[in-house]
Amino acid sequence: YASLGAELPLMTRILIETSRLTIAYGWLMLAGLVLAIFGFRMWRASPGGRLVWDRVKLRIPITGTIVLKSTLARFARTLALSLRSGIPAAQALSVVAEVTDNAWIASRVEQMRNGIERGESVLRTAQNAAVFNPVVLQMIAVGEETGSIDELMQEVAGMYEREVDYEIKTLAARIEPLIIVALGGVVLVLALGVFLPMWDLASVAIK
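If you want it as structure tokens, here you go:
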């Protein structure tokens, strides 16, 4: 191409420039990556960072739903056991908040506890928490009306656990198309970068 005074195709130029930059500044990129990981871990360890990150985890496509439902399953089961052992609702929610491994969900549980301490119903505090679906809210309402909220929360835990099992079983089927598309995109870019110059060489030589 140089001898013919022609320019390589754009995709090929991008691949060549990327390779050149990686070779020339690879150590800087590696150092930057290490610093970025270290900074992220430090930020995530802070109370504010953990709260934000735990909320972001719940919004990640596909896996976020699994994390949310598994966390809510543990919440419901722990709350059911606490209520069944005779612990008042506000104290039971304090216990649940302490053992919840997701900071954002724990903050919602603490919000529920504060609402109950102000005299609000469990249903109202659950609605304000904005983490439960309508079916669960209906079950909480029934449990509160009948005085069997511990039994209903046990059923809620079982429901979430069954949904998590189903999500995990179908996880591979949902991720597989994404992996295929990603790998296909990488192969396509590399193939175009390699073969475009060969395909264009004849037309460049004629010119």
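Heads up: take any position in the sequence shown, counting from 1, add 18, and you land on my numbering. Using N, Cα and C, we set each Cβ at its ideal position, and we do this for glycine too. A quick note: this is a predicted structure, and the numbers were derived from the prediction, not measured.
Of the residues the options, the one placed nearest residue i, counting alpha carbons only
i	options	result
Thr164	Val140, Thr83, Met29 and Val182	Val140
Ala94	Ala144, Gly133 and Val74	Ala144
Leu111	Glu128, Val204 and Gly44	Glu128
Asp119	Glu138, Trp71 and Gly133	Trp71
Ile193	Thr81, Ala42, Trp45 and Ile158	Thr81
Asn132	Ala107, Pro152 and Leu155	Ala107
Any non-hydrogen atom of the ligand MN closer than 7 Å to residue i Cβ
i	result
Phe56	Ligands displayed in this structure: none; no statement on the ligand MN is therefore possible.
First and last residue of the uninterrupted alpha helix (DSSP H) at residue i
i	result
Pro65	Pro65 to Arg77
Arg132	At residue 132 the sequence reads Asn, which differs from the Arg that was named. Looking at the DSSP string, the run of the alpha helix (DSSP H) that includes Asn132 is Ala121 to Glu135.
Ile246	No answer is possible for residue 246: the residues shown for the chain start at 19 and end at 225.
Val154	Pro152 to Thr164
Thr143	Val140 to Ala147
Leu170	Ile167 to Lys187
Beta-carbon gap between residue i and residue j smaller than 8 Å
i	j	result
Pro215	Thr36	no
Glu173	Lys87	no
Ala121	Arg68	yes
Pairing CB atoms from the region 95-105 with CB atoms from the region 67-77, are three or more of them under 8 Å?
No, because fewer than three Cβ pairs between the region 95-105 and the region 67-77 fall closer than 8 Å, the two stretches do not touch.
Can at least three beta-carbon pairs, one atom from the region 113-126 and one from the region 146-158, be found at a separation below 8 Å?
Segment contact: the region 113-126 against the region 146-158, three or more CB-CB distances shorter than 8 Å; contact assigned.
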